[in-house]
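Numbering (this note's numbering), first residue to last: 2 to 155.
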């Protein structure tokens with residue numbers, strides 16, 4: 002398993018900012034269990050964000066601005082654990098694509114998912130847009146449609 006820490010020191014520019022975002026997220030999710038943790042505690046993450054113009058689109062197509070996202074993160078992080086392993090990072094112009102394997106736990110529910118997140122930067126090199134794409138296993142394979150075999154088709 003390759004971690005963010007394994008690759009961050011050899012990364013520069015906007016790609017480095019995206020890795021800093023993930024590293025900061027992990028640190029703050031751990032801190033969120035402390036009683037004094039509030040929405041304002043996301044300030045280290047906000048330093049990487051164009052908070053005035055920020056838009057995040059989540060895996061369920063939910064759209065949030067920075068204030069909404071910080072509130073969402075606060076509620077989620079207080080009851081969750083989160084970690085990730087690094088898969089791949091690609092940068093082109095103002096876009097960075099980060100692929101991770103993410104591990105989370107909320108109560109008794111544990112998940113491992115693959116994510117691809119697109120980060121778009123402002124001219125000031127702040128993150129102004131994130132779109133998260135997700136792959137996960139279905140909880141029950143019986144939920145998959147049965148398309149039959151080639152012999153079954155007319």
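Heads up, the beta-carbon is just placed ideally off N, CA and C, and yes, glycines get one too.
Since the structure is predicted, the reported quantities are computational estimates derived from the model, not experimental observations.
(request) Report the partner residues of residue 7 according to the DSSP bridge assignment. (result) Per DSSP, none; premise fails for residue 7.
(message) Following a CB-centred definition, is residue 127 positioned closer than 7 Å to any heavy atom of the ligand GTP?
(response) In the structure shown, the ligand GTP is absent, as is every other ligand, since no ligand is present at all.
(message) If contact is defined by three or more beta carbon pairs under 8 Å, each pair taking one atom from either stretch, is the stretch 65-82 in contact with the stretch 43-54?
(response) yes
(request) State yes or no: is the C-beta of residue 114 within less than 8 Å of the C-beta of residue 136? (result) yes
(request) Check whether the Cβ atoms of residue 54 and residue 123 lie closer than 8 Å to each other. (result) yes
(message) So for residue 116, helix, strand or coil by DSSP?
(response) strand
(message) Residues in the same chain with beta-carbon distance under 8 Å from residue 79, minus the five sequence neighbours each way, listed in chain order, please.
(response) 33, 34 and 38
(request) For residue 26, name the three-state secondary structure that DSSP assigns. (result) helix
(message) DSSP has residue 84 in a bridge; who is on the other side?
(response) 104
(message) Here's a check: name, in chain order, each residue in its chain whose Cβ is nearer than 6 Å to the Cβ of residue 25, leaving out the five neighbours to either side.
(response) 45 and 46
(message) According to DSSP, is residue 75 part of a helix, a strand, or is it coil?
(response) helix
(message) If distances are taken between C-alpha atoms only, which option among 69, 58, 63 and 104 comes closest to residue 82?
(response) 104
(message) Using beta carbons (cut-off 8 Å, strictly below), is residue 127 in contact with chain C?
(response) Here chain C cannot be found, since the structure has a single protein chain.
(request) Look up residue 48 in the DSSP assignment and say whether it is helix, strand or coil. (result) coil
(message) Could you compute how far the alpha carbon of residue 58 sits from the alpha carbon of residue 51?
(response) 15 Å
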